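Novice: Okay, handing you the structure first.
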Amino acid sequence: NADNCTLRVAVAASFRPALEQVLPEFERHHACVVQISSGSSGVLYQQIAHRAPFDLFLSADRERPKLLEKQGWVLGNSRQTYALGLLALWHPKSESNIEQLLQSWPDKIVLADPKVAPFGSAARQALQSLGLWEKKQTQLACTHNAGQAYLMLDSGNAQLGFVAASQMQAAGRDNFWLLPQHLYNPIEQQLVIPTQSLQPEEAGFLADYLRSAKVQAQLHHLGYGVLPAQYSETDGGRRL
Amino acid sequence: MEITLPLFGAATTTSDSTGLNVAGLVTSLNAATPWQLNLPDSGIFGLTGPSGSGKSTLLAALAGQRHCRGHITFANTVWQRGHRGLATHKRTLSLGFQDSRLFSGQSAADNLALARRYSRRPLPVAECDRLLEAFGIEPLLHQPVELLSGGEAQRVAVLRQLFNNAPLQLFDEPLSAVDRAQVLRRLLPTLRDFWARYPALVIWTSHDFDEIQLLAQRCLWMDSANLSAPLPLHEVAQRLDSRGVGDSCRSRIEARVESLNDGLLTLDFGGISIFADRVTGHYRKGDTAAFLLEAGDISLSVEKPGLSSILNCLPVTLIAKQKLADGRIRLQLTAAEQVFYADISHLSYERLQLYIGGPYFAQFKAGSLTGL
Amino acid sequence: MEITLPLFGAATTTSDSTGLNVAGLVTSLNAATPWQLNLPDSGIFGLTGPSGSGKSTLLAALAGQRHCRGHITFANTVWQRGHRGLATHKRTLSLGFQDSRLFSGQSAADNLALARRYSRRPLPVAECDRLLEAFGIEPLLHQPVELLSGGEAQRVAVLRQLFNNAPLQLFDEPLSAVDRAQVLRRLLPTLRDFWARYPALVIWTSHDFDEIQLLAQRCLWMDSANLSAPLPLHEVAQRLDSRGVGDSCRSRIEARVESLNDGLLTLDFGGISIFADRVTGHYRKGDTAAFLLEAGDISLSVEKPGLSSILNCLPVTLIAKQKLADGRIRLQLTAAEQVFYADISHLSYERLQLYIGGPYFAQFKAGSLTGL
Amino acid sequence: MNIAIADWQALWLTLKLAGLTTLLLFIIGVPLAWKLSRWQSRWRHAIEVLITLPLVLPPTVLGFYLLLLFSPNYAPGQWLSHIFDGPLVFSFTGLVFASVIYSLPFMVQPLLATFNTNGQRLIQAAAVLGIPPWAALFKVLLPASRAAIVSACALTFAHTLGEFGVVLMIGGAIPGETQVVSIALYQHVEAMEYGAAHRLALMLMGITTVLLLAARWLGHNLAPRGLNSEQVKPVMGVLG
Amino acid sequence: MNIAIADWQALWLTLKLAGLTTLLLFIIGVPLAWKLSRWQSRWRHAIEVLITLPLVLPPTVLGFYLLLLFSPNYAPGQWLSHIFDGPLVFSFTGLVFASVIYSLPFMVQPLLATFNTNGQRLIQAAAVLGIPPWAALFKVLLPASRAAIVSACALTFAHTLGEFGVVLMIGGAIPGETQVVSIALYQHVEAMEYGAAHRLALMLMGITTVLLLAARWLGHNLAPRGLNSEQVKPVMGVLG
Ligand SMILES: Nc1ncnc2c1ncn2[C@@H]1O[C@H](COP(=O)(O)OP(=O)(O)OP(=O)(O)O)[C@@H](O)[C@H]1O
Ligand SMILES: Nc1ncnc2c1ncn2[C@@H]1O[C@H](COP(=O)(O)OP(=O)(O)OP(=O)(O)O)[C@@H](O)[C@H]1O
Ligand SMILES: [Mg+2]
Ligand SMILES: [Mg+2]
């Protein structure tokens, strides 16, 4: 019954465009209207911790779903990885030797705040792996999240910085360098079903749908990494 | 320091009289000279005194608009006891501020309507219309008050207070910006008639002593934060004169109306006919009316004078004399048991060889009597 | 409608005279009666008229504070031409508003200092101190202006304008809240002396005609937005009287000082000695001084009167008579080529059987002459 | 212009929110400012400062504290949700509640300033005619303070329109319920939908301009006739 | 209390920013409000509304447009960075610039309200004594408008303290340069360091309270002697 089935999905702002791409297909097969609320994962976490009536939470990281799980605000075993973020370095168009460019870059380097944003901490790990973290300390300019880092670069106020590959894909840009995944811990984006959920069953369907091979392939085109099969096994998929 | 005297004998000395009783009222201005005041529950009293002497402060303290301590009761209600006072709007009074303080952002009509709406004794509509007409406010009713001329604003402010018709009405120089012609010929007669119909206790502050004389029978005098008890007008006039005011001292005399003919009023003053020709208002035969007689207008002769344009001639007895600051002599005369003053020059005094107790003739013109 | 006459003959009729020239000045108030005015570059002029007649509007228009069109020049500078006007602060004038409008949030001293600082002709410090003392403002200097009494605020406002010492000084009822004693005995003499030392063109608006008479020689009259040319004082007085003002009409007469003795001034008036005893200021022998003689104070006799307290007796000729509104008769008398008025009652007029051209004796007391 | 239905919905919601908040704040702010201006105690200053404090916290942080306040996990939230007959988080009521707290200084401060300068004199003038204080406030003080009131309301309204942090934190951006235009706008920017963002921003500013101009016109025309006529104006044209 | 050095640094930077912004806005706002209050044209209303508009945009969106304005890709940004001798993004100068634009209405609106009501009369009183308009503003109008000015400055100061969206967008949260306390506070909340967040919020409010109280005390004591004495107070105690 479509009338009284509304699925309220809290989604990290960065994943919203991707979600919107894959949703129509889901809605065609399920008699459910999906209502999207996007925001920063931190805000959404706060809201769910204070019993916001969401049916599904798509976080941009792993920490907050974990925390929610620990605090018992989510259905047991609902936590799953649904996408893998890929870190990209926005660089001036003409460049070819990226590592050297990063080494010798004299100007500001933009990255999302490593303390609060997953792409920020990934950028920090990458810089640390490259041995540049200490050296470039004074040149780092932090934005609130990856989205704002992109805005900063896109508006021309900075020429070098770390963004999400999905953003570059969505904007159709090619002046980025996909950082080798060994330079940073995987940016696992996880989902949970809050205990407040009124439609846990439908939420589960959506979670399964997102993790389906078809959607994963779509996500790969949108700038997300390939989800290794192990994740669904080690994290123990939900059984309904 | 002034000594405070009860006004109307025993009636007002007891504290449960119905009028206004003020005892030991102290503000920051008169810490050394607490104010005492006993007034009946209706009647018009003047209040005058030098600039900065504390008149507005007194009115503000009565209205509870100025920090003070002491004791105030009106109509058996305590308004102030020690430091504690009744809130202003609960006191059955109205106060006209020296600056008119009309309610800005509204028209004159709004101002008046508001005052009437919150009146405890609202006037009948017919009365309001009559006042509006007499004050010449009708054409200005719908003008925003910000655009009124100084005198117009004052008239609206006075009218607003009349519309409010409180049992105690305090006025602070209410008509100082209105031309004298209008004040004397239209506003004061209107006010006098109004308060005859709607009695209230009125304190009328003014620097124009004529105004006070034409309205009030007694006057309070404030000087350097010293408040006198209500004084007869001629005493206040004398104080003003001794401060060197150019206006001569006028005395209030009372006489019985005999006839009114072609603008000339014939009066009986202790059996002698006197004439007055500058009269306003309506006089009825047999009424006792009050008039002002200017001291400087009176001339004294030793013999009964011959034919002259001076109409009035009264046999008088000289009872006292006083040298004035500017070299003239002020004589206190009595006739028909009334006292009045005449000012003559030192030279005349010597030429006529006047002596206390002597019988003389006081001459004054019909125009020297100003009708109340 | 009033007809505008040039004041000082040919000198002011040309447009490049140095005084104030106003031609065809129209505000929203006087669309039908444009104002004309020609005044010299110094001298004191009164301005009076009924409340709401447009006095303040005229002053505001002169100061560029009111939307108007017409032509204004002062001291050969064009202030207004058609709709365009010079900004107020560029006009060499000062204006005292009817509400004192002191600069709030500051002390009286700050107000005065500011006016002096932006003066185009700053007064010497000694002069300022003298004025401060005469106006009784010294003890109030450091008080915030919000706390001044009405009269005190007005005195500070006038003083502020004097400190500014502009070539054209416009005053709008500047002393209406000050007690008359102080005005007459201290402030007006101080002002008169001040402008004798620091000449300026002064327009002094007031409802107190005494004030105007003691300061000015000529007076503008405004009635229902009609502005008269500068009139001699006795003409304005007559207009006031015809409107029913209680104050009698006073005439200005001039006489030569013969001697001053014990407060009694002996004067020579066309060969006849007359006496005045209410004098302020200093008179020197031989000076020709101006005095005010009240019409109501004069009595007329057919025969030369006998011994009386009336000191002054002048042989006069009756040249005209006029019935007044209240039944009295106003006589126009002449003596020593000067004209003055006497008011007598209708009864006296008939009893004495007066006729135009007849010789009579005018009697008045020494106190009837008010020294300027 | 091509504006999505969701945006129209957000716009309408925002206007409703801003209008309601302004109305409520007028009802609360006028008596509050007036009481404060009459209160002679030294505590008055303390309370005036207290009213300013919501301004000092970053909106998101204020939102965080409001979230704690509204949280059904604690007593105040339970009590509030009892009073308002439902949880405040994620509801329009909650948004209004939060906006009122957040925008309080914008209403109260300008009113206080006027009441302090002109209020005393007018209230006195009313009291000496026997007009009680409350009547004096409505019949005397308000008509005389039209300019200040219009300015205070305009400021409040505009500020509520642009409110973002608080709303995001406690509203959850639910379309039609709590997704106001500022959030929609923010999301457009974050999602790199610049065209939509520009259109919406323009729209928002256009509507506000019209509303504010109308308010001024109203304030202007509510004044008694004649006050605005050209006769009051002093000469301004300068002579050549 | 246990507050990190970075937080102290942020606090100091914030106070500097708020103080400087308030000062600049005072210098800009007073003449602006005054010119507007004297301007008789109908454009005046348009400009008054224009000044209110920064309020209407969500701070982050305003920040986005400021990013576009600062961008070296376009002429205005080039010109600005020429004027300010360096790019405005990531710099303290840029923060001040943005804060000034953002807080403009807070200074100008309250001033306009006072100038409109009392200004005209006082300026006239000054003009008729030959005091030119600018002198009248400083020597007559400002002393008479103390209350309104203190209130406007307090509002501006507090608002700049709490400013967040704009600063976050263009500042880059560089410690000691652009990381103000509101961002630090937000980061604490996002990073779920609630203890630090509470401490910092308390600290911020405490300091603001002290500063605002001091400002009022100053405004109070700058008034001429006597005005604040108890003699002016009307009777308040009610008779039993
Ligand atoms: N609120 C106040 N606090 C302290 N002093 C004041 C206050 N109001 C007035 N004063 C001072 O008290 C004195 C008396 O003022 P008040 O207004 O009572 O005089 P007044 O008799 O009404 O004078 P005027 O005839 O000039 O109006 C003045 O010197 C004035 O400066
Ligand atoms: N700015 C204005 N716009 C329109 N009408 C005005 C304005 N100011 C005053 N008036 C009206 O013009 C008339 C003349 O006012 P004005 O102030 O000039 O009178 P005035 O002669 O000074 O009177 P008063 O002696 O009472 O002060 C009044 O009726 C008043 O209501
Ligand atoms: Mg007074
Ligand atoms: Mg006037």
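Chains as they are written, first to last, in the numbering used here: chain A, -4 to 235; chain B, 94 to 465; chain C, 94 to 465; chain D, 12 to 251; chain E, 12 to 251.
In this text, a Cβ means the ideal position worked out from N, Cα and C, and glycines have one as well.
Here the structure is a predicted model, which is why all the values come from computation and not from measurement.
To the nearest angstrom, report how far apart residue 175 of chain B and residue 345 of chain B are at their CA atoms.
Specialist: As a first step, residue 175 of chain B is located in the second sequence; it is residue number 82 there, counting from the start. As a first step, residue 345 of chain B is located in the second sequence; it is residue number 252 there, counting from the start. Computed Cα separation, rounded: 39 Å.
Novice: What three-state label does DSSP hand residue 192 of chain C in the structure shown?
Specialist: In the third sequence, residue 192 of chain C corresponds to position 99, counting from 1. If DSSP states are grouped into helix, strand and coil, residue 192 of chain C belongs with coil.
Novice: From the DSSP output, in three-state form, read off residue 406 of chain C for me.
Specialist: Position 313 of the third sequence holds residue 406 of chain C. Correct three-state label for residue 406 of chain C: strand.
Novice: Going by beta-carbon coordinates alone, are residue 5 of chain A and residue 52 of chain A separated by less than 9 Å?
Specialist: Residue mapping note: residue 5 of chain A aligns to position 10 of the first sequence, counting from 1. Residue mapping note: residue 52 of chain A aligns to position 57 of the first sequence, counting from 1. Yes. Within cutoff.
Novice: Below 8 Å on C-beta distance, what does residue 227 of chain E contact in chain D?
Specialist: Here residue 227 of chain E refers to the residue found at position 216 when the fifth sequence is read from its first residue. Near residue 227 of chain E (Cβ distances below 8 Å), the residues of chain D are 56, 59 and 60.
Novice: Run down chain D in chain order and give the residues with a C-beta less than 7 Å from the C-beta of residue 160 of chain B.
Specialist: Here residue 160 of chain B is taken as the residue at index 67 of the second sequence, counted from 1. Correct list: empty, because the minimum Cβ distance to chain D is about 10 Å.
Novice: Tell me, please, which residues DSSP counts as bridged to residue 312 of chain B.
Specialist: For the purposes of this step, residue 312 of chain B is identified with residue 219 of the second sequence, where counting begins at 1. Looking at the DSSP assignment, residue 312 of chain B forms a beta bridge with B/139 and B/324.
Novice: Per the DSSP calculation, residue 80 of chain A is bridged to which residue(s)?
Specialist: Numbered from 1 along the first sequence, position 85 holds the residue referred to as residue 80 of chain A. DSSP, once it has assigned bridges, lists A/182 and A/219 as partnering residue 80 of chain A.
Novice: Taking DSSP as the reference, what is the three-state secondary structure of residue 416 of chain B?
Specialist: Taking the first residue of the second sequence as position 1, residue 416 of chain B is located at position 323. Three-state result, residue 416 of chain B: strand.
Novice: Taking the alpha carbon of residue 72 of chain D as the reference point, which residue from E/117, E/218 and E/208 has its own alpha carbon closest?
Specialist: Numbered from its first residue, the fourth sequence carries residue 72 of chain D at position 61. The shortest C-alpha separation from residue 72 of chain D is found at E/208.
Novice: Please list, in chain order, the chain B residues whose beta carbon lies closer than 9 Å to that of residue 238 of chain C.
Specialist: Start at 1 with the first residue of the third sequence, and residue 238 of chain C comes out as number 145. Ordered by position in chain B, no residue passes the 9 Å Cβ test against residue 238 of chain C, which lies about 13 Å from the chain.
Novice: May I have the straight-line CA-CA distance separating residue -3 of chain A from residue 45 of chain D, to the nearest angstrom?
Specialist: In the first sequence, residue -3 of chain A corresponds to position 2, counting from 1. In the fourth sequence, residue 45 of chain D corresponds to position 34, counting from 1. Any reading at residue -3 of chain A must be qualified, since the residue scores a pLDDT of 45, below 50, and its modelled position is unreliable; no value is offered.
Novice: Among C/398, C/157 and C/461, which residue has its Cα nearest to the Cα of residue 181 of chain C?
Specialist: One-based indexing of the third sequence puts residue 181 of chain C at position 88. When only C-alpha atoms are compared, the closest one is C/157.
Novice: Could you compute how far the alpha carbon of residue 104 of chain E sits from the alpha carbon of residue 182 of chain E?
Specialist: Working through the fifth sequence from its first residue, we reach residue 104 of chain E at position 93. Working through the fifth sequence from its first residue, we reach residue 182 of chain E at position 171. Going by the C-alpha atoms only, they are around 10 Å apart.
Novice: Which of the three DSSP states is assigned to residue 170 of chain B in this structure?
Specialist: Start at 1 with the first residue of the second sequence, and residue 170 of chain B comes out as number 77. Strand.
Novice: Measuring only from the beta carbon, is residue 315 of chain C closer than 8 Å to any heavy atom that is part of ligand 2?
Specialist: Looking up residue 315 of chain C in the third sequence gives position 222. Yes, Cβ of residue 315 of chain C sits closer than 8 Å to a heavy atom of ligand 2.
Novice: Mind the definition here: the segment 147 to 161 of chain E touches the segment 46 to 59 of chain D only if three or more C-beta pairs lie below 8 Å; say whether that holds.
Specialist: The answer is no - the segment 46 to 59 of chain D does not touch the segment 147 to 161 of chain E, with fewer than three Cβ pairs under 8 Å.
Novice: For a contact defined as C-beta to C-beta under 8 Å, what are the partners of residue 182 of chain E on chain C?
Specialist: Reading the fifth sequence from its first residue, position 171 is the one you call residue 182 of chain E. None at all; the shortest Cβ gap to chain C is about 39 Å.
Novice: Since residue 285 of chain C is in the beta strand (DSSP E), which residue starts that stretch and which ends it?
Specialist: Translated into the one-based positions of the third sequence, residue 285 of chain C becomes position 192. Per DSSP, residue 285 of chain C belongs to no beta strand (DSSP E); it is in the alpha helix (DSSP H), 281 to 290.
Novice: Could you spell out the range, first to last residue, of the beta strand (DSSP E) harbouring residue 5 of chain A?
Specialist: Along the first sequence, read from residue 1 onward, the residue named residue 5 of chain A stands at position 10. Residue 5 of chain A -> beta strand (DSSP E) spans 1 to 7.
Novice: When you compare the CB positions of residue 409 of chain B and residue 445 of chain B, do they come within less than 9 Å of one another, or not?
Specialist: On the second sequence, residue 409 of chain B is found 316 positions in, with the first residue counted as 1. On the second sequence, residue 445 of chain B is found 352 positions in, with the first residue counted as 1. Not closer than 9 Å, so no.
Novice: Within 10 angstroms of the Cβ of residue 379 of chain B, are there 16 or more other Cβ atoms? Answer buried if so, exposed if not.
Specialist: Along the second sequence, one-based indexing puts residue 379 of chain B at 286. Its Cβ having fewer than 16 others within 10 Å, residue 379 of chain B is exposed.
Novice: What does the Cβ neighbour count give for residue 177 of chain A, buried or exposed, with the cut at 16 atoms within 10 Å?
Specialist: Locating residue 177 of chain A in the first sequence gives position 182, counting from the first residue. Exposed is the call here.
Novice: My understanding is that residue 173 of chain C touches residue 189 of chain C, with C-beta atoms under 8 Å, so please give their C-beta distance in whole angstroms.
Specialist: Residue mapping note: residue 173 of chain C aligns to position 80 of the third sequence, counting from 1. Residue mapping note: residue 189 of chain C aligns to position 96 of the third sequence, counting from 1. Their Cβ separation, rounded to whole angstroms, is 20 Å, which puts residue 173 of chain C and residue 189 of chain C out of contact at 8 Å.
Novice: Would you mind working out which of A/99, A/102 and A/58 sits nearest residue 202 of chain E, comparing C-alpha positions?
Specialist: Within the fifth sequence, the letter at position 191 stands for residue 202 of chain E. Checking every option, the nearest Cα to that of residue 202 of chain E belongs to A/58.
Novice: Per DSSP, which one or two residues make a beta bridge with residue 114 of chain C?
Specialist: The residue you call residue 114 of chain C lines up with position 21 of the third sequence. Paired residues: C/131 and C/166.
Novice: Rounding to the nearest angstrom, what Cα-Cα distance links residue 451 of chain B and residue 441 of chain C in this structure?
Specialist: For the purposes of this step, residue 451 of chain B is taken as residue 358 along the second sequence, with counting starting at 1. For the purposes of this step, residue 441 of chain C is taken as residue 348 along the third sequence, with counting starting at 1. If I take the Cα positions, the gap works out to 29 Å.
Novice: Since residue 194 of chain D is in the alpha helix (DSSP H), which residue starts that stretch and which ends it?
Specialist: Locating residue 194 of chain D in the fourth sequence gives position 183, counting from the first residue. Looking at the DSSP string, the run of the alpha helix (DSSP H) that includes residue 194 of chain D is 192 to 201.
Novice: Excluding the 5 residues flanking residue 339 of chain B on each side, which residues of the same chain have their C-beta closer than 6 Å to its C-beta?
Specialist: Along the second sequence, read from residue 1 onward, the residue named residue 339 of chain B stands at position 246. With a pLDDT of 45 at residue 339 of chain B, under the threshold of 50, the predicted position of this residue should be treated as unreliable, though the coordinate-derived value follows. Excluding sequence neighbours, residue 339 of chain B sits near nothing in its chain.
Novice: Three-state secondary structure (DSSP) at residue 182 of chain E?
Specialist: Sequence index remark: in the fifth sequence, residue 182 of chain E carries index 171 (1-based). Residue 182 of chain E: helix per DSSP, three-state reduction.
Novice: Would you call the segment 189 to 203 of chain B and the segment 234 to 253 of chain B touching, i.e. three or more CB-CB distances under 8 Å?
Specialist: Contact holds: three or more Cβ-Cβ distances are below 8 Å.
Novice: Residue 191 of chain A and residue 47 of chain A: beta carbons closer than 9 Å?
Specialist: The residue you call residue 191 of chain A lines up with position 196 of the first sequence. The residue you call residue 47 of chain A lines up with position 52 of the first sequence. Yes, the Cβ-Cβ distance between residue 191 of chain A and residue 47 of chain A is below 9 Å.
Novice: Answer yes or no: does any C-beta atom of chain C fall closer than 9 Å to that of residue 302 of chain B?
Specialist: In the second sequence, residue 302 of chain B corresponds to position 209, counting from 1. Chain C contact via Cβ: present.
Novice: Please indicate yes or no: does the CB of residue 303 of chain B lie closer than 8 Å to some heavy atom of ligand 2?
Specialist: For the purposes of this step, residue 303 of chain B is taken as residue 210 along the second sequence, with counting starting at 1. Answer for residue 303 of chain B: no, Cβ out of range of ligand 2.
Novice: Sort out for me which residues DSSP pairs residue 427 of chain B with in a bridge.
Specialist: Taking the second sequence and counting its residues from 1, one reaches residue 427 of chain B at position 334. According to DSSP, residue 427 of chain B bridges with B/410 and B/432.
Novice: Assuming residue 197 of chain A and residue 25 of chain A form a contact by the criterion Cβ under 8 Å, report the distance between their Cβ atoms to the nearest whole angstrom.
Specialist: Indexing the first sequence from 1 puts residue 197 of chain A at position 202. Indexing the first sequence from 1 puts residue 25 of chain A at position 30. Correct: roughly 7 Å between the Cβ atoms.
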